[in-house]
Amino acid sequence: MDPLIFVAAVPVLVSLYGVIKRKRFFFSLGYFPYFLFSLIVIPDQLSSYLSEDGSALNLALALIWLLQAIIAFPNKLNYDGSKVFRSFAIKTFISLALINVFAVLLTQTDSSIDEGTRTAAGLFHAILVLFPVIATYLMLSNKIPVGTND
514 MDPLIFVAAV
524 PVLVSLYGVI
534 KRKRFFFSLG
544 YFPYFLFSLI
554 VIPDQLSSYL
564 SEDGSALNLA
574 LALIWLLQAI
584 IAFPNKLNYD
594 GSKVFRSFAI
604 KTFISLALIN
614 VFAVLLTQTD
624 SSIDEGTRTA
634 AGLFHAILVL
644 FPVIATYLML
654 SNKIPVGTND
């Protein structure tokens with residue numbers, strides 16, 4: 514198994530901390546390393562797609578990383594309880610969950626990575642599906658405290 518899997522586990526744990534402590538900033542911060550990694554993945558996948566051996570999988574990977582990078586870029590907006598912010602947060606959480614559902618499917622169909630890495634990547638993305646679902650539940654049930662993200 515690729516030792517970089519352990520590095521990839523750190524952002525998952527940061528997001529887990531954000532879910533447990535109900536701190537949206539840490540939840541989003543866990544996705545931020547994926548934003549940084551996307552600066553490598555997107556150009557690589559686009560160049561692979563544009564090469565003679567490129568496939569639709571390369572384009573799909575580039576787009577999925579781009580979408581997640583845009584959506585997950587962390588900010589320190591305070592949850593003030595307004596309907597607008599609540600609606601925005603729920604749409605963001607659902608979008609992140611759907612992106613990671615697609616990522617689970619992509620990791621399982623990409624034959625270019627070894628079986629151990631494919632399993633670990635699929636597991637991490639599956640976990641990253643659950644976190645936004647939990648956050649959406651907490652938001653809909655008013656269990657996320659109104660106020661700051663200290």
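514 is the number of the first residue of the sequence shown in my numbering; add one for each residue after it.
Yeah, the Cβ is synthetic: ideal placement off N, Cα and C, and Gly gets one too.
Local Cβ density within 10 Å of residue i, reported as buried at 16 or more and exposed below that
i	result
V597	exposed
I612	buried
G629	exposed
L609	buried
A648	buried
I553	exposed
I626	exposed
A569	exposed
I583	exposed
Cβ distance (whole Å) where residue i is taken to contact residue j below 8 Å
i	j	result
A575	I555	5 Å
N571	Q581	Actually they do not touch by this definition, with Cβ atoms about 16 Å apart.
L579	S551	7 Å
Proximity below 7 Å, CB of residue i to CB of residue j
i	j	result
V532	F545	no
F637	A521	yes
V670	A633	Given that the chain is displayed from residue 514 to residue 663, the structure contains no residue 670 and the question cannot be resolved.
heavy atom of the ligand PLP below 6 Å from residue i C-beta
i	result
S528	This structure simply doesn't include the ligand PLP, nor any ligand for that matter.
Pair every Cβ in the stretch 643-652 with every Cβ in the stretch 622-634, then say whether three or more of these pairs are closer than 8 Å.
In short, these stretches do not touch, since the Cβ pair count stays below three.
Return the chain-ordered ranges of every alpha helix (DSSP H) run that is complete within the stretch 526-600 and spans a minimum of 4 residues.
537-563, 569-585
Are the stretch 639-648 and the stretch 528-536 touching by the rule of at least three beta carbon pairs closer than 8 Å?
yes
Extract the residue ranges of the beta strand (DSSP E) inside the stretch 624-660, only unbroken runs of 3 or more that lie entirely within it.
none
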